[in-house]
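Line order of the protein sequences matches chains A and B. If you count the first sequence from 1, position 108 lands on 108 in UniProt numbering, and the numbers rise without skipping. If you count the second sequence from 1, position 70 lands on 70 in UniProt numbering, and the numbers rise without skipping. Here a beta-carbon is modelled for each residue, glycine too, at the ideal position from N, C-alpha and C. Accompanying notes for the structure given below.
Number of protein chains: 2
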Amino acid sequence: MTEDTPLEGPNDGPTAERFCQARAAQSVAVLEDYAEMIDDLAQEMGEARITDIAARMGVTHPTATKAVARLKREGLAVSRPYRGVFLTEAGTALAARVRMRHRVVVDLLVAVGVPQDTAEIDAEGLEHHVSDVTLRAFEAFLARR
Amino acid sequence: MTEDTPLEGPNDGPTAERFCQARAAQSVAVLEDYAEMIDDLAQEMGEARITDIAARMGVTHPTATKAVARLKREGLAVSRPYRGVFLTEAGTALAARVRMRHRVVVDLLVAVGVPQDTAEIDAEGLEHHVSDVTLRAFEAFLARR
DNA sequence: ACAGAAATGTAGCCAAGGCTATAAATCTGG
DNA sequence: CCAGATTTATAGCCTTGGCTACATTTCTGT
Ligand SMILES: [Mn+2]
Ligand SMILES: [Mn+2]
Ligand SMILES: [Mn+2]
Ligand SMILES: [Mn+2]
């Protein structure tokens, strides 16, 4: 699941590619959610503490610590022991992209008639599987709606 | 990740619920894809063989074997050693739901302007995060479109 | 200043979903 | 009918993302 892992299976048919793609999207979903959350906390409270990250993600703090370790390993965040977590430039850029995509997905759901609260809930999972092409289609739809 | 696992974390805030929900959806995504695939193969070739399941899912056969073991454990499939895999009634019902949802998602994406092939790819991941409320909203949108 | 509270780190467990390598069973053509 | 090809099973490894339990550090109020 690291960046050097191809994540492509034997790939026997054209059908398999779809599933490989979906698995690849899933492998970055956690990174995306944590990056966005850390960015949220940085804006709201100046810095993102492990406890706050864990509380908002709905996990225990060791789980949050592991996720942050992965973020650091992938060059998306930095932190010193017993201190807050900070996004790198790459991490901040990722957070911005993720937040934008989240918003567009929610807006599109609402535009086609999904209740706002349901849209927020579903978007949290959906957002990680929306390709750039689809995202642009969503934006275009919202623009001419 | 089994059915008796609550999958709800500490749940400190209302924000956390969204992520718990997304994680829960992800934990059944694999079951859903395999169920649908086995049903496809059953219709096309009379029965679903491990080799064919693996090829279409884009994984190696031991991976497919493990997934089938989980399907069996959850009461969605049955199989005897060195023979094909067959869905139970519950498995068949799940496959039908999943296939319908997949179709609706693709149709909605196309309806808002996503190219057909992109829609197929993205839907493979998106489908598992579309709630019943959202699905009905999609159907209503398609009906009045 | 320091004791207790709170936050963080760390070890170790589990299940899931990938993989490779190897063994065993089944199928098939001659 | 049987040898070789194919299919399936199994063992064992890895990473990820959950968890609990416990150790350590930092913070805070008196
Ligand atoms: Mn998300
Ligand atoms: Mn999000
Ligand atoms: Mn799918
Ligand atoms: Mn599908």
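Subject >> Backbone CA spacing between Gly58(B) and Met37(B) [nearest angstrom] >> reply: 12 Å
Original post:
Can you list, in chain order, the residues of the UniProt domain "HTH dtxR-type" (28 to 88) of chain B whose Cβ is nearer than 7 Å to any Cβ on chain A?
Top reply: Within the UniProt domain "HTH dtxR-type" (28 to 88) of chain B, the residues whose Cβ lies closer than 7 Å to some Cβ of chain A are Asp33, Ala55, Arg56, Met57, Gly58, Val59, Thr60, listed in chain order.
Original post:
How is Ser27(B) classed by DSSP in three states: helix, strand or coil?
Top reply: Of the three classes helix, strand and coil, the one that applies to Ser27(B) here is helix, per DSSP.
**OP:** Output, in sequence order along the chain, the residues in the region 88 to 122 of chain A whose CB is closer than 8 Å to any CB in chain B.
**Re:** Leu108, Leu109, Val112, Gly113, Val114, Pro115, Thr118, Ala119, Glu120, Ile121, Asp122
Subject >> Sequence-distant residues of the same chain with beta carbon closer than 7 Å to Gln116(A), five excluded per side >> reply: Val110
**OP:** Please indicate yes or no: does the CB of Gly91(A) lie closer than 7 Å to some heavy atom of ligand 1?
**Re:** no
**OP:** Indicate, with yes or no, if ligand 2 has a heavy atom lying under 7 Å from the CB of Val98(A).
**Re:** Look at Val98(A): its beta carbon is less than 7 Å from one of the heavy atoms in ligand 2.
Original post:
For Ala140(A), which residues in chain B fall below 8 Å Cβ to Cβ?
Top reply: Ordered by position in chain B, the residues that pass the 8 Å Cβ test against Ala140(A) are Gly113.
**OP:** Would you please verify whether the beta carbon of His129(A) is less than 8 Å from any beta carbon of chain B?
**Re:** Taking Cβ atoms only, chain B reaches closer than 8 Å to His129(A), which makes this a yes.
**OP:** Please name the residue in Thr134(A), Arg136(A), Asp122(A) whose C-alpha comes closest to that of Leu135(B).
**Re:** Asp122(A)
**OP:** Check whether the Cβ of Asp33(A) lies closer than 7 Å to any heavy atom of ligand 5, and answer yes or no.
**Re:** Among the ligands modelled here, namely ligand 1, ligand 2, ligand 3 and ligand 4, ligand 5 does not occur.
**OP:** Answer yes or no: the CB of His128(B) versus the heavy atoms of ligand 1, is any distance below 7 Å?
**Re:** no
**OP:** Please report the residue range of the beta strand (DSSP E) in which Val85(A) lies.
**Re:** 85 to 87
Subject >> Simplified DSSP state of Val59(B), which is helix, strand or coil >> reply: coil
Subject >> Strand pairing of Ser79(A), partner residues [DSSP] >> reply: Paired residue(s): Val85(A).
**OP:** Check the Cβ-Cβ distances between Ala143(A) and every residue of chain B, and say whether any is below 8 Å.
**Re:** no
Original post:
From Ala64(B) to Thr15(A), what does the alpha carbon distance come to, in whole angstroms?
Top reply: 15 Å
Original post:
Buried or exposed: which applies to Tyr34(B), given that a residue is buried once 16 or more other Cβ atoms fall within 10 Å of its Cβ?
Top reply: buried
Original post:
Apart from the five residues just before and just after Gly75(A), which ones in its own chain have a Cβ nearer than 7 Å to its Cβ?
Top reply: Excluding its 5 nearest sequence neighbours in each direction, Gly75(A) has C-beta neighbours in its own chain below 7 Å: Thr88, Ala90, listed in chain order.
Subject >> Exposed unless 16 or more other CB atoms sit within 10 angstroms - verdict on Asp52(A) >> reply: buried
Subject >> Of the listed residues Ser79(B), Phe138(B), Arg70(B), nearest to Glu47(B) (C-alpha basis) >> reply: The shortest C-alpha to C-alpha distance from Glu47(B) to any of Ser79(B), Phe138(B), Arg70(B) is the one to Ser79(B).
**OP:** Work out the CA separation of Gly113(A) and Leu126(A) for me, nearest whole Å.
**Re:** Taking the straight line joining both Cα atoms gives about 16 Å.
Subject >> Inter-residue Cα distance where the pair is His61(B) and Val68(B) >> reply: 10 Å
**OP:** Output yes or no for whether 8 Å exceeds the beta carbon distance between His129(B) and Ala54(B).
**Re:** no
Original post:
Measuring CB to CB, does Val98(A) end up less than 8 Å from Ala119(A)?
Top reply: no
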